[in-house]
Structure formats: C-alpha cells, structure tokens
Amino acid sequence: LEAALPWERDLVARHRLRADNDLSSDDYDESSSDSEESDDSSDSSDSIESSSDDCSVVALSSEYSDSSDSSDENLDDVHKIEKKIVKKKERAENEERRAKKEVEEIKKQIHEVQLKQRQNRLREERQERQVNQVREELRREEKRLRDMKEEAVRNERVLQSQIAGLKRADKRAATKSKARIKASRVADELPSVQSLQYSRACGVSLNDNPRRRAVACGHMTCTENCPMSRPPRSTARSAVRRPRMSTYSKT
Numbered sequence: 031l032e033a034a035l036p037w038e039r040d041l042v043a044r045h046r047l048r049a050d051n052d053l054s055s056d057d058y059d060e061s062s063s064d065s066e067e068s069d070d071s072s073d074s075s076d077s078i079e080s081s082s083d084d085c086s087v088v089a090l091s092s093e094y095s096d097s098s099d100s101s102d103e104n105l106d107d108v109h110k111i112e113k114k115i116v117k118k119k120e121r122a123e124n125e126e127r128r129a130k131k132e133v134e135e136i137k138k139q140i141h142e143v144q145l146k147q148r149q150n151r152l153r154e155e156r157q158e159r160q161v162n163q164v165r166e167e168l169r170r171e172e173k174r175l176r177d178m179k180e181e182a183v184r185n186e187r188v189l190q191s192q193i194a195g196l197k198r199a200d201k202r203a204a205t206k207s208k209a210r211i212k213a214s215r216v217a218d219e220l221p222s223v224q225s226l227q228y229s230r231a232c233g234v235s236l237n238d239n240p241r242r243r244a245v246a247c248g249h250m251t252c253t254e255n256c257p258m259s260r261p262p263r264s265t266a267r268s269a270v271r272r273p274r275m276s277t278y279s280k281t
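Quick note: the sequence shown uses our numbering, first residue 31, plus one each step.
Listed below in structure tokens is the structure:
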C-alpha cells in the first residue's frame, strides 16, 4: 500500500477499521456472555454452600462435577472464540481483497479514461496540424496570387510604356519621313539637279535620293546603256587579261 495513492490508502484503512470494529463488538458480546455465565456459576456455588452439612459429600461431588463442566464449557467457549476470530480474520482478509480489487478496478478505469483523453488529445492535435497546414497552403496560394497580380500590373505598366514608346517612335519616324520627302522634293527642285538630263524610262527602280536617279538611265553617267561610250570590240583575243572595270562611272 505504500506505492498506492492517498485515496486508495484511505479506502483500505476504512475497510480495516470497519473489520476491527466488528471484531471489538464480537469480543464485547462474548465478554458479556462470559460475565453472565460467571454470575450464574457464582449463584449456583452460593446455593451449594448454603446446603446442609449432612450432604457435604454430595455437595463436594456436585461441586467437582460443576467445576469440570465449567472447564469444559470454557474450552468450548475458547474454541468458539478462536473460530470467531478466524472467521473475522477471513472476513477482514476478504474485505481487504475486495478493497484491493476495487482499487484495481478504479485504477483500470482511471487508466482507460486517461488513455481516452490522450487519444482525444492526439486526435485534436492531428486535426489542428492538418488545419494549420491547410491554412498555410491557403496563405501561400493567396500570396502567389497577389504576386501574380502585382506582376501583371507591372507587366501592364511596362507594356503601356512600350506602346507609348512605339507610338513616339512611329511619330518620330513619320516626322523624319515627312522631312526626308520634303527635303527630296526641295532637292529635286534645285537648278543643278534639274540640269541633269536623264531618261525617266529607265528600268532600274529609282530610290528617294535624287542624286542617284541617273545611274542606269542611258545618260553620260551610265556606261552600259550609252552606246557612244563603249569602246570597239576586237576580234583578236589579247594575251594579257585585264581586270574587268566597273560598269558604272563615278558621277
């Protein structure tokens, strides 16, 4: 019982105290019965002493028989008391075993309750971990969506800035093209450019530069299309091969 709990020790002590009270009550009943028997024997002895002297032998013999009977009764009483003590001990042992059994059952119930509480606590912790994990995933997903929205806004701003830059570049290109066309028109109207006589029926596509329009036009600047500028071809093949000159002369 030293390793037991305080309330368990109190329960066992209560059962033992109850058994001791039962033993004391039985002892008191036996002592009262013994006192009554002793009173009865004293009364009988007084009656024997008051008998006549003539019957002394009979009285002595009866007294001897009475003493032997009382000794036999005392032995029987002792055996009865011993049996009662043994029964009380057995009852106390039974009570103690019953109390221990009750203590064991109470321990078992307490253990089962603690086990259920531990299982419930573990289940709640597992569910809480799952909920926290789902919340963390939702938090990460929300953060990813916010980052995507911010990136989309930044990309939209960059795209708008690029569109604005393209528009500005188009405007600059348009202004430059207009200025170039205007400059070419002004250059075409110059008297030095108009004095150059060139064929407008030339098959070469003319570019915007008016200074290069007389390249393949059959005028003095084009050696291919001008028959007067070609040298006469000789029938004899020359021994020394000369490098072929460019067909265009520098204007």
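Quick reminder that beta carbons are idealized off the backbone N, C-alpha and C, glycines included.
By how many angstroms is the C-alpha of Ala129 removed from the C-alpha of Lys137?
Position 107 of the sequence shown, counted from the first residue, corresponds to residue 137. Position 99 of the sequence shown, counted from the first residue, corresponds to residue 129. Each residue's alpha carbon lies about 12 Å from the other.
Every unbroken alpha helix (DSSP H) within the region 142-168, with a cutoff of 4 residues, ordered by chain
none
Report the CB separation of Arg44 from Ala122 in whole angstroms; it is logged as a contact under 8 Å.
For the purposes of this step, residue 44 is taken as residue 14 along the sequence shown, with counting starting at 1. For the purposes of this step, residue 122 is taken as residue 92 along the sequence shown, with counting starting at 1. Actually they are not in contact, since the Cβ atoms of Arg44 and Ala122 sit about 13 Å apart, beyond 8 Å.
Ala203 versus Arg170: straight-line alpha-carbon distance, rounded:
Locating residue 203 in the sequence shown gives position 173, where the first residue counts as 1. Locating residue 170 in the sequence shown gives position 140, where the first residue counts as 1. For Ala203 and Arg170, the distance between alpha carbons rounds to 48 Å.
Just the C-alpha distance for Val116 and Val143, rounded to the nearest angstrom, thanks.
Position 86 of the sequence shown, counted from the start, is the residue given in the question as residue 116. Position 113 of the sequence shown, counted from the start, is the residue given in the question as residue 143. Going from the Cα of Val116 to the Cα of Val143 covers about 40 Å.
Suppose you measure from the CA of Glu172 to the CA of Glu181; what does that come to, to the nearest Å?
Within the sequence shown, the letter at position 142 stands for residue 172. Within the sequence shown, the letter at position 151 stands for residue 181. As the crow flies, the alpha-carbon of Glu172 is around 14 Å from that of Glu181.
Is DSSP giving Leu47 helix, strand or coil here?
The count along the sequence shown starts at 1 and reaches residue 47 at position 17. Residue state, collapsed to three classes: helix.
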